[in-house]
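Student: Quick note: the sequence shown, position 94, residue 94 per UniProt numbering, numbers continuous.
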Amino acid sequence: MSFFEDWFTLAEEGLRSAAATPLAILLFGLFTLWASIMDVRTMKVKNSLNLAFLFGGFVLWILPGGSLTLGVLHFFGLITGFLLLFIPGMIANHAFGGDIKFVSVMGFWTGPYAISLILFTACLIQVLLFAGRRLFKKGTSMNANLPFAPAFTIGYYLLLLLTLT
Numbered sequence: 001m002s003f004f005e006d007w008f009t010l011a012e013e014g015l016r017s018a019a020a021t022p023l024a025i026l027l028f029g030l031f032t033l034w035a036s037i038m039d040v041r042t043m044k045v046k047n048s049l050n051l052a053f054l055f056g057g058f059v060l061w062i063l064p065g066g067s068l069t070l071g072v073l074h075f076f077g078l079i080t081g082f083l084l085l086f087i088p089g090m091i092a093n094h095a096f097g098g099d100i101k102f103v104s105v106m107g108f109w110t111g112p113y114a115i116s117l118i119l120f121t122a123c124l125i126q127v128l129l130f131a132g133r134r135l136f137k138k139g140t141s142m143n144a145n146l147p148f149a150p151a152f153t154i155g156y157y158l159l160l161l162l163t164l165t
């Protein structure tokens, strides 16, 4: 197998880890939907929501038979999710309204391989949303901000659907 095939296989395991049990699907779905709605309305994802989602993921990770089965990779996913947005944000001196923490927690649930693939997909979705906004809403600035949580949510579920087919 090539490097990319191995990477995609590991990413697929992470995508499925967050949806392995009905409880995980419920918690993950509620969190991502709630965070996306909050981000669209306020351009922020509250710290309390991110902390609750991290705690829920941690509980599922430590419970016997819990759905989060990547072991220590869940913690690497947390770190990877944080660094994937923190470093560019620091370089660009851009403040994120909870997006870094949202992606970090999503990384805990999905692992480092899946969160990097979700980030790539979310960036493509953001480009399409921005292009659509510029096309249909005249006078949109090149500096206009778009909420990022919905793109991550859509990206995750799109990738999950692709792995199930």
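The beta carbon of each residue, even a glycine, is placed where N, CA and C say it ideally should be.
Only a predicted model underlies this, so the values are computations on that prediction, with no experimental measurement involved.
Measure from the alpha carbon of residue 30 to the alpha carbon of each residue in 11, 12, 9 and 56, then state which is nearest.
Tutor: Comparing Cα-Cα distances from residue 30 to each of 11, 12, 9 and 56, the minimum goes to 56.
Student: Tell me, to the nearest whole angstrom, how far the beta carbon of residue 32 is from that of residue 156; I am working on the premise that it is less than 8 Å.
Tutor: Yes, they are in contact, since the Cβ atoms of residue 32 and residue 156 sit about 7 Å apart, within 8 Å.
Student: How would you label residue 50, buried or exposed, when you count the other beta carbons within 10 angstroms and need 16 or more for buried?
Tutor: Burial call: buried.
Student: Using only CA atoms, which one of 13, 43 and 2 lies nearest to residue 151?
Tutor: Nearest option by C-alpha distance: 43.
Student: Identify which residue in 133, 109, 91 and 70 has its Cα closest to the Cα of residue 25.
Tutor: Here the closest residue by C-alpha is 109.
Student: Can you list, in chain order, the residues of its chain with a C-beta nearer than 7 Å to that of residue 7? Leave out the 5 residues immediately preceding and following it.
Tutor: Here the set comprises 113.
Student: For residue 67, I'd like the list of residues in its chain whose CB is within less than 6 Å of its CB, leaving aside the five on either flank, ordered along the chain.
Tutor: The answer, listed in chain order, is 20, 21, 24 and 60.
Student: Beta-carbon separation of residue 117 and residue 84 under 7 Å?
Tutor: Cβ distance not < 7 Å, so residue 117 and residue 84 don't count as in contact.
Student: Please state whether the Cβ-Cβ distance between residue 15 and residue 163 is less than 7 Å.
Tutor: Taking 7 Å as the Cβ cut-off, residue 15 and residue 163 qualify as a contacting pair.
Student: Determine the direct distance from the alpha carbon of residue 76 to that of residue 125, and round the result to whole angstroms.
Tutor: Answer to the nearest angstrom: the Cα atoms are 25 Å apart.
Student: Starting from residue 71, trace the alpha helix (DSSP H) both ways and give me its first and last residue.
Tutor: Careful: residue 71 lies outside any alpha helix (DSSP H) and carries neither H nor E.
Student: How about residue 28 and residue 35: are their beta carbons less than 7 Å apart?
Tutor: No.
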